[in-house]
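Have a look at the structure below before the remarks.
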Amino acid sequence: MEHYKIVPERFTLEILETDRLRGGERGLETLKELKESGCKIAIDDFGVDQSNFERLMEIDPDFIKIDGKFIQGIHLSRTPYLLTSAMTEMAHRIGAKVIAEFV
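Numbering (UniProt numbering), first residue to last: 1 to 103.
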């Protein structure tokens, strides 16, 4: 980042929830190093596929982007509303900001 004069605090790395983190432990270490340098980490498509609480603990994201599948039906059924509310509260409790797709 120094080579390209990127200010870490202005850089957000977005990880798709549907992709597995490549590199295993080394990949997690790289994320931690980026976060420690000031970069932000976002998990995209949260709530689908590989979502789990262990991953949240490992990555410690700054942002959680709730998948649009939950948002699209939020006005049609109570279930997407309740799930979205729960994900939002959980994200806030761990110190992450929430972004809702399709809003």
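For glycine and all other residues, C-beta sits at the position ideal for the given N, C-alpha and C.
Around P8, the same chain offers M1, L34, S37, G38 and C39 as residues with beta carbons nearer than 8 Å, after the five sequence neighbours per side are excluded. The three-state secondary structure of L83, taken from DSSP, is helix. The continuous alpha helix (DSSP H) containing E36 extends over residues G24 to E36. Taking 8 Å as the cut-off, the Cβ atoms of F46 and I74 do not count as close. Contact between the stretch 94-103 and the stretch 55-69 is established, with three or more Cβ pairs separated by less than 8 Å.
In the structure shown, the three-state DSSP call for E14 is strand.
With 16 or more neighbouring CB atoms inside 10 Å of its own CB, M87 falls in the buried class.
Shown here for E14: same chain residues with a beta carbon closer than 7 Å to its own, the five before and five after excluded, namely A42 and D44 in chain order.
Taking C-beta atoms as the reference points, L28 and E54 fail to come closer than 8 Å. A direct Cα-Cα distance of roughly 23 Å separates D60 from L82.
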